[in-house]
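Enquirer: This is the structure, below, for whatever I ask next.
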Amino acid sequence: MSHPLYVAFIWHQHQPLYKSRASAAEPDTTSRSISPILLSRNFDTQGHYRLPWVRLHGVKDYLDLVLILAKYPKLHQTVNLVPSLILQIEDCIADRALDPYLAVTLKPTEDLNIQEQEFILQHFFDANYHTLIQPHPRYAQLYTQRQEKGINWCLENWKEQDFSDLLAWHNLAWIDPLFWDDPEISGWLKQGQNFSSIDRQKIYSKQKEILARIIPQHREMQAQGQLEVSTTPYTHPILPLLADTNCGRVAIPNMTLPQHRFQWEEDIPRHLRKAWEMYEDRFDCKPRGLWPSEQAVSPQILPYIAKQGFNWIVSDEAVLGWTIKHFFNRDATGNVCEPELLYRPYRLETPDGDLAIVFRDHRLSDLIGFTYGSMEPKQAASDLVGHLEAIARTLKHRQSGGGTSLENPWLVTIALDGENCWEFYPQDGKPFLESLYETLSLDPDIKLVTVSEFLDKFPATETIPAAQLHTGSWVDGSLTTWIGDPAKNRAWDLLGAARQVLANHPEATEESNPEAWEALDAAEGSDWFWWFGEGHTSNQDAMFDQLFREHVAAIYEALNEPVPPEVRQQVEVHEVQGDHQPLSFIHPVIDGIGNEQDWDKAGRIEVGGARGTMHRSSAIQRLWYGVDHLNFYIRADFKAGVRPGIDCPPELNLLWFYPDRTMHNSRIPLSDLPDAAPLNYRFHHQLGINLLTKSIWFQEAGERDEWHTRISRAQVGLDKCLEVAVPWADLQIMPDWQVRLIAVLSEGDRYSSCLPEDALIPIGMP
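Position in the sequence shown counted from 1, then plus 29, gives you this note's numbering.
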């Protein structure tokens, strides 16, 4: 029997629990970055939300994703809806979710005080500039004024109408383009400016209309068979860490753990039961699939999942690799060389029944999540289909029978965040998805399925002993994103102490004291630990810190116990970072402008004025660097007043080598070069940039310190700063190779200076 290549898309929809549990809306004096507007006494604390992202993502990402799919009935997919997200959507619909952004949106502009105006200027451009701000002339005009003239200038010069237009546009720009044909929305887009308070109220009403359609649309499409809706433990906790924080050492044996071991395995069935009950109530059926929070799994959690009645779970290829002790090699195009190991479901045997588990293709998922948004939509869709076709060809070639069709049912799982990535796509991903779905609808050799319909037809036959399953997540197959960092560990100790106090009150059951248990559920969510410590940061770190501690404090308050002083103090100090590693993939527009949003997740090295007197004369003050699946990026910020190529040497040379690879390397081809590390190292690639003409030259090292000219498609933008994108295809390496880089200024092939002066820049995948 021949088969198409089966593909299961799983879109994960989730937001942190933004609802405040503060007993009184009093300012947290430890959170200096929080504006007074966030804690206005006008808020009803029962409907007091700290941040607006459920509402804004709700009108941009959740409904349109399935409505686009509905136009292609042959294509089936799975969408994961986290219970705590559903609760927050329902609060938004019922006017129980007043957040600070909404409060000022609905307030007459003549009544805004100076603190509220400052808050608006700080936060109402919290949107991707290229896709949500720049396409709208009035919004872009206001953004440019804020960026170029500064907040103080706007406070002094803006009229009430400027603030009203900004309030309107921040709410309007987040509405998905799929709904722009709505007469009211179309009218606002054409109007463009001079929005009134009544306009803003109507825009909010339109947002609620869209939000109210989300759950019914998912329920209807599931009943029709085109969609499967899966779920996640109630508030998105990391189940293995609830069972035992010591499990962090499975992947990282020398991990530093919290002072006190968190070991509350009995909390796992509560999160699973609450998710199950909510699902049955909203969807009129039982759930079959469970997306473990952050795809984090361990042998200890499996019996609880099976006992609750779930049929399948999903995790990452890194977890499978650790489990079967196999490293997944990829070919030059990034496709897995041993596809038959990854593209199949496995059976996990537990005392409470069997579970199926599917493992996602990490790279294909990342291409959608982090790369295709920077490509032309049709090209991106063709690239993804090309990868799927290549997988099918490889599977055919590896068949023992040598047939020209697939003899076995293989399942490629593509599973990723279904909301945040679309902010980087033109029109919120609509052109990409439509092009992808049109192509797949016509392709007889690729069939999109839900996970359950595949498992019903082709049950898992390959068994993984439950005890053999690796303890880890989608992040490198480890749990380091949520434990091990000093700040993360402090948070676990705060949570553990509160959990013990609750255990000391056996009379406080879920029925008699639901407030205490709901607060515990919220505090056990994974999101707080994600943002604590190194690795991830945002302009809301202090707010996430505060929300976590509010949930912990609410446990004590519900039990009439005193809140420990350490719960009132920040888990960590939230300051603007200096040097740091890349936080995520970046996709900057190479125009020499240096848009702050393009580079906010990049690595950064302070040069001038930050490393001692020898650096203060440097023409380049700061270096930024980062990667995505297509390019390596670097940006140089010049000292104020410096004219590149005039007030500083006219040539910038980027040189790099690969420390974990054996290949030819050559000395830097410049005269007057100091014989000191790292300048006396040998490098494999050199990209030279003429800062006067913006021309480039690209070389590759050969034998005997030779350099050979190569063709390069590198992009260079030079205006307010220097921005460079170097395609990985030029380098003929894989993006996950280790890279070491330096930047050297020169004039007429003569060395001038090196940045950084005494170190190499380590480039790695974030």
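Quick reminder that beta carbons are idealized off the backbone N, C-alpha and C, glycines included.
Keep in mind the model is a prediction, meaning the values are calculated, not measured.
Applying the 10 Å Cβ sphere with the 16-neighbour rule, what's the burial state of Asp556?
Expert: As a first step, residue 556 must be located in the sequence shown, where it is residue number 527. Buried, because 16 or more other Cβ atoms sit within 10 Å of the Cβ of Asp556.
Enquirer: Should the stretch 684-697 be regarded as contacting the stretch 706-724, the criterion being three or more beta carbon pairs within less than 8 Å?
Expert: Verdict: yes, contact present.
Enquirer: Out of Ser700, Phe661, Lys354, which has the shortest C-alpha to C-alpha gap to Gln761?
Expert: Stepping through the sequence shown from its first residue, residue 761 is reached at position 732. Of Ser700, Phe661, Lys354, the residue nearest in Cα terms is Phe661.
Enquirer: So, do the stretch 250-258 and the stretch 105-115 have three or more beta carbon pairs nearer to each other than 8 Å?
Expert: As far as the Cβ criterion goes, the stretch 250-258 touches the stretch 105-115, which means the pair count is three or higher.
Enquirer: Rounded to whole angstroms, what's the CA-CA distance from Gly562 to His416? Just pull it up for me.
Expert: Numbered from its first residue, the sequence shown carries residue 562 at position 533. Numbered from its first residue, the sequence shown carries residue 416 at position 387. Straight-line Cα distance between these residues: approximately 36 Å.
Enquirer: Could you work out which residue in Pro33, Thr134, Phe38 is closest to Pro81 when comparing CA atoms only?
Expert: Indexing the sequence shown from 1 puts residue 81 at position 52. It is Thr134 whose Cα lies nearest to the Cα of Pro81.
Enquirer: Taking the C-alpha atoms as reference points, what is the distance between Asp211 and Leu85?
Expert: Residue 211 sits at position 182 when you count from the first residue of the sequence shown. Residue 85 sits at position 56 when you count from the first residue of the sequence shown. Spanning the two alpha carbons is a distance of roughly 18 Å.
Enquirer: With 7 Å as the threshold, decide whether the Cβ of Ile718 is near any Cβ in chain B.
Expert: Within the model displayed, chain B is absent; a lone protein chain is all it includes.
Enquirer: Take Val596 and list the residues in its own chain whose beta-carbon comes closer than 7 Å to its own, dropping the five residues that flank it on each side.
Expert: Counted from its first residue, the sequence shown places residue 596 at position 567. Same-chain partners within the cutoff: Leu523, Arg578, Val581, Ala582.
Enquirer: Less than 7 Å separating the beta-carbons of Asp831 and Ala335?
Expert: For the chain, the structure presents residues 30 to 795; residue 831 sits outside this window and is missing.
Enquirer: Would you say Lys89 and Trp203 are within 7 Å of each other, going by their C-beta atoms?
Expert: Translated into the one-based positions of the sequence shown, residue 89 becomes position 60. Translated into the one-based positions of the sequence shown, residue 203 becomes position 174. Yes, Cβ-Cβ distance for Lys89 and Trp203 is below 7 Å.
Enquirer: What are the start and end residues of each continuous alpha helix (DSSP H) run of 4 or more residues lying completely inside the stretch 294-318, in chain order?
Expert: Complete alpha helix (DSSP H) runs here, min 4: 296-312.
Enquirer: Are the CB atoms of Val83 and Gln42 nearer to each other than 7 Å?
Expert: What you label residue 83 is simply residue 54 of the sequence shown in a count that begins at 1. What you label residue 42 is simply residue 13 of the sequence shown in a count that begins at 1. Cβ atoms of Val83 and Gln42: not closer than 7 Å.
Enquirer: Roughly how far, in whole angstroms, is the beta-carbon of Leu94 from the beta-carbon of Gly447, given that I think they are within contact range, below 8 Å?
Expert: Position 65 of the sequence shown, counting from 1, holds the residue named residue 94. Position 418 of the sequence shown, counting from 1, holds the residue named residue 447. Going by Cβ atoms, the distance from Leu94 to Gly447 rounds to 6 Å, so yes, they are a contact pair.
Enquirer: What three-state label does DSSP hand Pro137 in the structure shown?
Expert: The sequence position of residue 137 within the sequence shown is 108, counting from 1. Coil at Pro137, not helix or strand.
Enquirer: Of the residues Glu680, Gln146, Thr423, which one's Cα is nearest the Cα of Asp360?
Expert: Here residue 360 refers to the residue found at position 331 when the sequence shown is read from its first residue. If we check each option's Cα against that of Asp360, Thr423 comes out closest.
Enquirer: Based on the DSSP output, what are the partners of Glu346 in its beta bridges?
Expert: By one-based count along the sequence shown, residue 346 stands at place 317. Its beta-bridge partners do not exist; DSSP assigns none.
Enquirer: Along the chain, where does the alpha helix (DSSP H) that runs through Leu465 open and close?
Expert: Here residue 465 corresponds to residue number 436 of the sequence shown, with the count starting at 1. That run of the alpha helix (DSSP H) goes 459-470.
Enquirer: If we call anything under 7 Å between Cβ atoms a contact, is Ala385 one with Leu477?
Expert: Here residue 385 is taken as the residue at index 356 of the sequence shown, counted from 1. Here residue 477 is taken as the residue at index 448 of the sequence shown, counted from 1. No. Outside cutoff.
Enquirer: Grouping DSSP H, G and I as helix and E and B as strand, with all else coil, what is Cys783?
Expert: The residue you call residue 783 lines up with position 754 of the sequence shown. Three-state result, Cys783: strand.
Enquirer: Hey, quick one: how far does the alpha helix (DSSP H) through Gln649 stretch, first residue to last?
Expert: Walking along the sequence shown from the start, residue 649 turns up at place 620. Just to set this straight, residue 649 is Ile in the shown sequence, not Gln. Looking at the DSSP string, Ile649 is not in any alpha helix (DSSP H); the run it does join, the beta strand (DSSP E), is 649-656.
Enquirer: For Glu309, which residues of its own chain have a beta-carbon under 7 Å away from its beta-carbon, when the five flanking residues on both sides are left out?
Expert: By 1-based counting over the sequence shown, the position of residue 309 is 280. The answer, listed in chain order, is Lys315.
Enquirer: Quick one: what's got a C-beta closer than 7 Å to Ala537's C-beta in the same chain, skipping five residues either side?
Expert: Counting from 1 along the sequence shown, the entry for residue 537 is found at position 508. Within the same chain, Ala537 has close Cβ partners Leu531, Ala545, Leu588.
Enquirer: Going residue by residue through the stretch 92-163, where are the continuous alpha helix (DSSP H) segments of at least 4 residues, counting only ones entirely within it?
Expert: As far as the stretch 92-163 is concerned, its whole alpha helix (DSSP H) runs of at least 4 residues are 92-99, 112-122, 129-134, 143-152.
Enquirer: Write down the C-beta distance between Tyr454 and Thr160 rounded to the nearest angstrom, noting that I regard them as a contact closer than 8 Å.
Expert: The residue labelled residue 454 in the question sits at position 425 within the sequence shown. The residue labelled residue 160 in the question sits at position 131 within the sequence shown. Between Thr160 and Tyr454 the Cβ distance is about 7 Å, and since that is below 8 Å, they are a contact.
Enquirer: Among Tyr91, Leu702, Pro488, Tyr401, which has the Cα closest to the Cα of Asp778?
Expert: Along the sequence shown, read from residue 1 onward, the residue named residue 778 stands at position 749. Taking only the C-alpha atoms, the option nearest Asp778 is Leu702.
Enquirer: So, for Val671: in the same chain, excluding its five sequence neighbours on each side, which residues have a beta-carbon less than 6 Å away from its beta-carbon?
Expert: The residue labelled residue 671 in the question sits at position 642 within the sequence shown. The answer, listed in chain order, is Ala648, Cys677.
Enquirer: List the whole-angstrom C-beta distance separating Ala304 from Pro112, where the pair is believed to meet the contact cut-off of C-beta under 8 Å.
Expert: Taking the first residue of the sequence shown as 1, we reach residue 304 at position 275. Taking the first residue of the sequence shown as 1, we reach residue 112 at position 83. Contact holds; Cβ gap of about 5 Å.
Enquirer: Quick check: the Cα distance between Lys486 and Lys407, rounded to an integer number of angstroms?
Expert: Looking up residue 486 in the sequence shown gives position 457. Looking up residue 407 in the sequence shown gives position 378. So the alpha carbons of these two residues sit roughly 33 Å apart.
Enquirer: From which residue to which residue does the alpha helix (DSSP H) around His603 run?
Expert: Residue 603 sits at position 574 when you count from the first residue of the sequence shown. Where His603 is concerned, there is no enclosing alpha helix (DSSP H), given that its DSSP letter is neither H nor E.
Enquirer: Give the C-beta separation of Ser327 and Pro262 to the nearest angstrom, bearing in mind that I take them to be a contact with Cβ-Cβ under 8 Å.
Expert: Translated into the one-based positions of the sequence shown, residue 327 becomes position 298. Translated into the one-based positions of the sequence shown, residue 262 becomes position 233. Their Cβ separation, rounded to whole angstroms, is 13 Å, which puts Ser327 and Pro262 out of contact at 8 Å.
Enquirer: Could you tell me whether the stretch 133-152 touches the stretch 336-345, where touching means 3 or more Cβ pairs closer than 8 Å?
Expert: Output reads no: the stretch 336-345 does not touch the stretch 133-152.
Enquirer: Cα-Cα, which of Ser741, Leu747, Pro374, Ser781 is closest to Thr479?
Expert: Locating residue 479 in the sequence shown gives position 450, counting from the first residue. Of Ser741, Leu747, Pro374, Ser781, the residue nearest in Cα terms is Pro374.
Enquirer: What is the residue span of the alpha helix (DSSP H) that Tyr585 lies within?
Expert: What you label residue 585 is simply residue 556 of the sequence shown in a count that begins at 1. Where Tyr585 is concerned, the enclosing alpha helix (DSSP H) stretches over 570-587.
Enquirer: What alpha helix (DSSP H) runs, 4 residues minimum, are completely inside the stretch 205-266?
Expert: Listed in chain order, they are 212-220, 226-241, 243-253.
Enquirer: By Cβ distance, which residues of its chain are closer than 7 Å to Gln163, with the 5 residues on each side in sequence left out?
Expert: As a first step, residue 163 is located in the sequence shown; it is residue number 134 there, counting from the start. For Gln163, where only same-chain residues beyond five positions count, the Cβ hits under 7 Å are Ala169.
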